[in-house]
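Enquirer: So the sequence lines, in the order shown, correspond to chains U and E. Heads up: the first sequence at position 74 corresponds to 164 in my numbering, and the numbers run straight through without jumps. Heads up: the second sequence at position 296 corresponds to 386 in my numbering, and the numbers run straight through without jumps. First the structure, which I've put down as structure tokens, then a few questions once you've had a look.
There are 2 protein chains.
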Amino acid sequence: MPADGDLSLRSLRERVERALHSFLAAQRERIAGMAPPSARLVDLIEAVLTGGGKRLRPLLCCLAFLAAGGTDGPEIVAAAGSLELLHTFAILHDDVMDQAELRRGRPALHRRLAQERREGGHPEDAEVYGVSVAVLAGDLALVLSDAMIAGSGFPKEAVARALRPLEAMRVQAVAGQYLDIHQAGGPSISLEEAAGIARLKTAGYSVAGPVAVGLALAGASGVLRAAIEGYAEDVGEAFSLRDEVLGVFGDPEATGKDAESDLRRGKPTTLIAAAIERAGPEERQVIESRWGNPRSSLEDLEAVRKAVEGCGALAEAEVAVASLADHAVGRLREVGLLEASPGRELAGLAERLK
Amino acid sequence: MPADGDLSLRSLRERVERALHSFLAAQRERIAGMAPPSARLVDLIEAVLTGGGKRLRPLLCCLAFLAAGGTDGPEIVAAAGSLELLHTFAILHDDVMDQAELRRGRPALHRRLAQERREGGHPEDAEVYGVSVAVLAGDLALVLSDAMIAGSGFPKEAVARALRPLEAMRVQAVAGQYLDIHQAGGPSISLEEAAGIARLKTAGYSVAGPVAVGLALAGASGVLRAAIEGYAEDVGEAFSLRDEVLGVFGDPEATGKDAESDLRRGKPTTLIAAAIERAGPEERQVIESRWGNPRSSLEDLEAVRKAVEGCGALAEAEVAVASLADHAVGRLREVGLLEASPGRELAGLAERLK
Numbered sequence: 091m092p093a094d095g096d097l098s099l100r101s102l103r104e105r106v107e108r109a110l111h112s113f114l115a116a117q118r119e120r121i122a123g124m125a126p127p128s129a130r131l132v133d134l135i136e137a138v139l140t141g142g143g144k145r146l147r148p149l150l151c152c153l154a155f156l157a158a159g160g161t162d163g164p165e166i167v168a169a170a171g172s173l174e175l176l177h178t179f180a181i182l183h184d185d186v187m188d189q190a191e192l193r194r195g196r197p198a199l200h201r202r203l204a205q206e207r208r209e210g211g212h213p214e215d216a217e218v219y220g221v222s223v224a225v226l227a228g229d230l231a232l233v234l235s236d237a238m239i240a241g242s243g244f245p246k247e248a249v250a251r252a253l254r255p256l257e258a259m260r261v262q263a264v265a266g267q268y269l270d271i272h273q274a275g276g277p278s279i280s281l282e283e284a285a286g287i288a289r290l291k292t293a294g295y296s297v298a299g300p301v302a303v304g305l306a307l308a309g310a311s312g313v314l315r316a317a318i319e320g321y322a323e324d325v326g327e328a329f330s331l332r333d334e335v336l337g338v339f340g341d342p343e344a345t346g347k348d349a350e351s352d353l354r355r356g357k358p359t360t361l362i363a364a365a366i367e368r369a370g371p372e373e374r375q376v377i378e379s380r381w382g383n384p385r386s387s388l389e390d391l392e393a394v395r396k397a398v399e400g401c402g403a404l405a406e407a408e409v410a411v412a413s414l415a416d417h418a419v420g421r422l423r424e425v426g427l428l429e430a431s432p433g434r435e436l437a438g439l440a441e442r443l444k
Numbered sequence: 091m092p093a094d095g096d097l098s099l100r101s102l103r104e105r106v107e108r109a110l111h112s113f114l115a116a117q118r119e120r121i122a123g124m125a126p127p128s129a130r131l132v133d134l135i136e137a138v139l140t141g142g143g144k145r146l147r148p149l150l151c152c153l154a155f156l157a158a159g160g161t162d163g164p165e166i167v168a169a170a171g172s173l174e175l176l177h178t179f180a181i182l183h184d185d186v187m188d189q190a191e192l193r194r195g196r197p198a199l200h201r202r203l204a205q206e207r208r209e210g211g212h213p214e215d216a217e218v219y220g221v222s223v224a225v226l227a228g229d230l231a232l233v234l235s236d237a238m239i240a241g242s243g244f245p246k247e248a249v250a251r252a253l254r255p256l257e258a259m260r261v262q263a264v265a266g267q268y269l270d271i272h273q274a275g276g277p278s279i280s281l282e283e284a285a286g287i288a289r290l291k292t293a294g295y296s297v298a299g300p301v302a303v304g305l306a307l308a309g310a311s312g313v314l315r316a317a318i319e320g321y322a323e324d325v326g327e328a329f330s331l332r333d334e335v336l337g338v339f340g341d342p343e344a345t346g347k348d349a350e351s352d353l354r355r356g357k358p359t360t361l362i363a364a365a366i367e368r369a370g371p372e373e374r375q376v377i378e379s380r381w382g383n384p385r386s387s388l389e390d391l392e393a394v395r396k397a398v399e400g401c402g403a404l405a406e407a408e409v410a411v412a413s414l415a416d417h418a419v420g421r422l423r424e425v426g427l428l429e430a431s432p433g434r435e436l437a438g439l440a441e442r443l444k
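This is the structure we're talking about:
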């Protein structure tokens, strides 16, 4: 596809989708030839993918690559698609560890597998079976993610350049999840510190990482590279703030997640840290006693929401998101990137966080 | 280290050990700088490594590389060491899925973590915590395995060549474990077929894979390559037969595994398939009613062992192991590899399976 082809998000997303499905079809065949029943794991990965998701990470990777002057073609679409398989690994393992009931509005995979096992006449080990198979499907997604970028068609040197940011994303995904579990046992570091680390993780893994992979594949350098990296830093921070706000105020219909779980688990966020700092004694007492309390009722959590809003922390977060998004778009404008399609699409992604 | 240096198994093993520990020390520091509590995951990987293991896969990889004419140095030791991290990933996840109590003679990591959590005053989520942290430590081991070979110092082209056998090993580890779980729900394929697949997995993942990685790194070709691949095929088959025999007759003190679990779970093996075929009606009835029966008593399982021995299946397996090992050594002799140290050490590994 020529560089002046259709680079709308929708068209890119469809190309990523096709690349993922054709890669997985080939892998299913390969695994079926080696150990027939195990091909089922590929079906499970496919089911998670078709269950939803915005493909944010592949899109950011593609657009950063193209904005930095990379040549459009099947190589970048496949390489970017590999990030969605990495994310599928993270989703599957996180849901098992968080004992999540829902993912993208449906029962999480380990729950569906347990249910299937019970109905298949094995109630005795249904839960363990669900967890085991979901963990294995996640393992395979991680292994295949690596195979997909290695086989994307890029020269070896380009893939080797992408390895460093890619590896950082993988470590961030794992180290970040450990923080969540560790935190649940009572923080040994301050809330602010924990929130900073968690934010670093979301921003790095979901935004800066994919952009860095795209830039590395393009072999980008100089002012163009610096501008796109600056964009990624701002958008990453805005994205994680938006994520924090959705975790407290989001509509479960839209987020596909249980609206209360982050609040009951006491997930460390800069939003909560800011609220505790800004709140008066009464609001602070509400937050500190009910946030992170597994026994909090829906009313208790509604009171936490009111306190976070009442003290001005929500408005402050919204202002910060808007200002970060504007600043990110400014970075692209400065180097003339808004004059072409990939840069404009990057700007659109930033605007949509507002 | 010059090519005529000390290539004894013991010396190679020590070098692999040192490479693993210094790599992990650097990773611990890196992760501590990113998310301090998560450095704990590196400690857990280290604990599994120091808990034991013969480093079979790294040794096979090093020796195949050296026998094929590769130059000795820190590169091959680091690249081979990465296979032990891959194996640590497999061990950690397998133990969680098999709900194993023991590994290398000590409580399995997820058990130790659950115990620690209980003692830390969190009995309510101790089991989930143990499983979650063990899965994450396994995830990190897989991610770091990749980083260790990528950073081993080999030229990019050599690492790229090794990627195909490496990726096959990873898929074999995951697809093979799925077979185990799938099988536990009642076989939809014949025992013989299942055993064949499982054996393919052990042989490929534990022997042929590591040897193929070493050969790829050395850029081996021609008769030398063919001979070492032939060796790996024979030794792989002998190794998995030995593994099957140990699973039924092994001393738990020596194997570090629960002596009964494979029998009670009905792990599909060619040994059991052969026994069922060879056995008279009475012995067959003993095997078919007690093998793969979670309610079998220690006496029941002892009767299964007697039947497997009595029908001649055990002796047949021992003869097959010896003949495969001899054949493997013959392959090395034919091309003159027994005249140098790496080939002689490979031969020694084969002899030790007898």
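C-beta atoms are modelled at their ideal positions from N, C-alpha and C, and glycine is treated no differently. Note that the coordinates shown come from a computational prediction; the quantities given were computed from them, not determined experimentally.
State buried or exposed for R332 of chain U, treating a residue as buried only when at least 16 other CB atoms are found within 10 Å of its CB.
Expert: For the purposes of this step, residue 332 of chain U is taken as the residue at position 242 of the first sequence. Buried, since its Cβ has 16 or more Cβ neighbours within 10 Å.
Enquirer: Under 8 Å, Cβ to Cβ, is there at least one residue of chain E near V138 of chain U?
Expert: Here residue 138 of chain U corresponds to residue number 48 of the first sequence, with the count starting at 1. Taking Cβ atoms only, chain E never reaches closer than 8 Å to V138 of chain U, which makes this a no.
Enquirer: Would the segment 101 to 118 of chain U and the segment 240 to 247 of chain E be scored as touching if the rule is three or more Cβ pairs under 8 Å?
Expert: no
Enquirer: Just to confirm my understanding: we take G326 of chain U, look at its own chain, exclude 5 residues before and 5 after, and list those with CB closer than 6 Å. What are they?
Expert: Reading the first sequence from its first residue, position 236 is the one you call residue 326 of chain U. The residues are A293, V297, A298.
Enquirer: Can you check which of these residues, E:R194, E:A204, E:L97, is closest to F155 of chain E by C-alpha distance?
Expert: For the purposes of this step, residue 155 of chain E is taken as residue 65 along the second sequence, with counting starting at 1. Closest option to F155 of chain E, Cα to Cα, is E:L97.
Enquirer: Would D138 of chain U pass as a contact of T178 of chain U if the rule is Cβ separation under 8 Å?
Expert: Here the question's residue 138 of chain U lines up with position 48 in the first sequence. Here the question's residue 178 of chain U lines up with position 88 in the first sequence. Checking the sequence shown, residue 138 of chain U turns out to be Val, not Asp. Result yes, Cβ atoms of V138 of chain U and T178 of chain U sit closer than 8 Å.
Enquirer: For chain E, check one thing: does any of its Cβ atoms lie closer than 8 Å to the Cβ of V297 of chain U?
Expert: Here residue 297 of chain U is taken as the residue at index 207 of the first sequence, counted from 1. No, V297 of chain U lies away from the interface with chain E (no Cβ there is under 8 Å from its Cβ).
Enquirer: Any C-beta of chain U sitting closer than 8 Å to the C-beta of P255 of chain E?
Expert: Indexing the second sequence from 1 puts residue 255 of chain E at position 165. No, its Cβ sits nowhere closer than 8 Å to a Cβ of chain U.
Enquirer: With 16 other CB atoms within 10 Å as the buried threshold, where does D133 of chain E fall?
Expert: In the second sequence, the residue the question calls residue 133 of chain E occupies position 43. When all chains shown are included, D133 of chain E counts as exposed.
Enquirer: Our contact map puts R260 of chain U next to L176 of chain U with C-beta atoms below 8 Å; I'd like the distance itself, whole angstroms only.
Expert: Along the first sequence, read from residue 1 onward, the residue named residue 260 of chain U stands at position 170. Along the first sequence, read from residue 1 onward, the residue named residue 176 of chain U stands at position 86. The pair is a contact, with the Cβ atoms about 7 Å apart (cut-off 8 Å).
Enquirer: Give, in chain order, every residue of the segment 123 to 153 of chain E whose Cβ lies closer than 8 Å to some Cβ of chain A.
Expert: In the structure shown, chain A cannot be found, because the protein chains are U and E.
Enquirer: Taking P371 of chain E and L281 of chain E to be in contact with their CB atoms under 8 Å, please state how far apart those CB atoms are, rounded to whole angstroms.
Expert: Residue mapping note: residue 371 of chain E aligns to position 281 of the second sequence, counting from 1. Residue mapping note: residue 281 of chain E aligns to position 191 of the second sequence, counting from 1. Wrong, their Cβ atoms sit about 18 Å apart, outside the cutoff.
Enquirer: Report, in whole angstroms, the separation of the C-beta atoms of D270 of chain E and A418 of chain E, which I expect to be a contact under 8 Å.
Expert: Within the second sequence, residue 270 of chain E is the residue found at index 180, counting from 1. Within the second sequence, residue 418 of chain E is the residue found at index 328, counting from 1. Actually they are not in contact, since the Cβ atoms of D270 of chain E and A418 of chain E sit about 27 Å apart, beyond 8 Å.
Enquirer: Report yes or no: is there a C-beta of chain U within less than 8 Å of the C-beta of K291 of chain E?
Expert: Translated into the one-based positions of the second sequence, residue 291 of chain E becomes position 201. Yes, K291 of chain E lies at the interface with chain U (some Cβ there is under 8 Å from its Cβ).
Enquirer: Please report the residue range of the alpha helix (DSSP H) in which L428 of chain E lies.
Expert: Numbered from 1 along the second sequence, position 338 holds the residue referred to as residue 428 of chain E. Here L428 of chain E belongs to no alpha helix (DSSP H), and DSSP marks it neither H nor E.
Enquirer: Do you know offhand how far R207 of chain U's Cα is from G220 of chain U's?
Expert: By one-based count along the first sequence, residue 207 of chain U stands at place 117. By one-based count along the first sequence, residue 220 of chain U stands at place 130. Those two C-alpha atoms are separated by around 8 Å.
Enquirer: According to DSSP, is P197 of chain U helix, strand or coil?
Expert: Working through the first sequence from its first residue, we reach residue 197 of chain U at position 107. P197 of chain U falls in the strand class under three-state DSSP.
Enquirer: Can you list the residues of chain E that A240 of chain U reaches, using a CB-CB cut of under 7 Å?
Expert: The residue you call residue 240 of chain U lines up with position 150 of the first sequence. What A240 of chain U touches in chain E: L253.
Enquirer: Against R355 of chain E, what residues of chain U qualify as contacts under a CB-to-CB distance less than 7 Å, listed in chain order?
Expert: Working through the second sequence from its first residue, we reach residue 355 of chain E at position 265. Correct list: empty, because the minimum Cβ distance to chain U is about 11 Å.
Enquirer: Residue range of the alpha helix (DSSP H) that T360 of chain E falls in?
Expert: Taking the first residue of the second sequence as 1, we reach residue 360 of chain E at position 270. 360 to 368 is the extent of the alpha helix (DSSP H) around T360 of chain E.
Enquirer: Can we say the segment 393 to 402 of chain U touches the segment 372 to 379 of chain U, given the rule of at least three CB pairs closer than 8 Å?
Expert: yes
Enquirer: Quick one, which of U:R355, U:E367, U:S413, U:L307 has its alpha-carbon nearest S386 of chain U's?
Expert: In the first sequence, the residue the question calls residue 386 of chain U occupies position 296. It is U:R355.
Enquirer: Measuring alpha carbon to alpha carbon, tell me which of U:L256, U:Q189, U:S172 ends up nearest A237 of chain E.
Expert: For this step, residue 237 of chain E is matched to residue 147 along the second sequence. If we check each option's Cα against that of A237 of chain E, U:L256 comes out closest.
Enquirer: In whole angstroms, give me the CA-to-CA distance for A497 of chain U and A116 of chain U.
Expert: This structure cannot settle anything about residue 497 of chain U, because the visible part of chain U is limited to 91 through 444.
Enquirer: Return the CA-CA distance between V425 of chain U and K291 of chain U, expressed in angstroms with no decimal places.
Expert: Locating residue 425 of chain U in the first sequence gives position 335, counting from the first residue. Locating residue 291 of chain U in the first sequence gives position 201, counting from the first residue. When rounded, the distance between both Cα atoms is 28 Å.
Enquirer: Using the beta-carbon of each residue, which ones in chain E are nearer than 8 Å to G266 of chain U?
Expert: Taking the first residue of the first sequence as 1, we reach residue 266 of chain U at position 176. Listed by position along chain E, the residues whose Cβ is nearer than 8 Å to that of G266 of chain U are A125, S128.
Enquirer: Express the C-alpha separation of A317 of chain U and G266 of chain E in angstroms, rounding to a whole number.
Expert: For the purposes of this step, residue 266 of chain E is identified with residue 176 of the second sequence, where counting begins at 1. For the purposes of this step, residue 317 of chain U is identified with residue 227 of the first sequence, where counting begins at 1. Straight-line Cα distance between these residues: approximately 46 Å.
Enquirer: Mind reading off the beta-carbon distance from A143 of chain E to H183 of chain E? Whole number of angstroms is fine, and I expect it under 8 Å.
Expert: Within the second sequence, the letter at position 53 stands for residue 143 of chain E. Within the second sequence, the letter at position 93 stands for residue 183 of chain E. Per the sequence presented here, residue 143 of chain E reads as Gly, with Ala not at that position. Incorrect: roughly 16 Å between the Cβ atoms, too far for contact.
Enquirer: Please give the ranges of any alpha helix (DSSP H) in the segment 378 to 415 of chain U, keeping only runs that are unbroken, at least 4 residues long and fully inside the region.
Expert: Counting only runs of 4 or more, we get 388 to 400.
Enquirer: I believe L127 of chain E touches H272 of chain U by the beta-carbon criterion, under 8 Å. Please report the beta-carbon distance rounded to the nearest angstrom.
Expert: On the second sequence, position 37 is the one that residue 127 of chain E refers to. On the first sequence, position 182 is the one that residue 272 of chain U refers to. It is worth fixing the name first, because residue 127 of chain E is Pro in this sequence and not Leu. Confirmed, about 5 Å.
Enquirer: How long is the line joining the alpha carbons of A198 of chain E and G304 of chain E, rounded to whole angstroms?
Expert: For the purposes of this step, residue 198 of chain E is taken as residue 108 along the second sequence, with counting starting at 1. For the purposes of this step, residue 304 of chain E is taken as residue 214 along the second sequence, with counting starting at 1. Computed Cα separation, rounded: 30 Å.
Enquirer: Under 8 Å, Cβ to Cβ, is there at least one residue of chain E near L230 of chain U?
Expert: For the purposes of this step, residue 230 of chain U is taken as the residue at position 140 of the first sequence. Yes, contact with chain E.
Enquirer: Could you have a look at L173 of chain E and say whether DSSP puts it in helix, strand or coil?
Expert: Within the second sequence, the letter at position 83 stands for residue 173 of chain E. Collapsing the DSSP output to three states places L173 of chain E in a helix.
Enquirer: So, is T360 of chain E buried or exposed, given that buried needs 16 or more other C-beta atoms within 10 angstroms?
Expert: Here residue 360 of chain E corresponds to residue number 270 of the second sequence, with the count starting at 1. T360 of chain E comes out buried.
Enquirer: Establish whether the CB of M91 of chain U and some CB of chain E are separated by less than 8 Å.
Expert: As a first step, residue 91 of chain U must be located in the first sequence, where it is residue number 1. In this prediction, M91 of chain U scores a pLDDT of 38, lower than 50, which makes its location untrustworthy; no coordinate-derived value is stated.
Enquirer: Secondary structure at L192 of chain U, three-state DSSP: helix, strand or coil?
Expert: Position 102 of the first sequence holds residue 192 of chain U. Looking at L192 of chain U - three-state DSSP - the assignment turns out to be strand.
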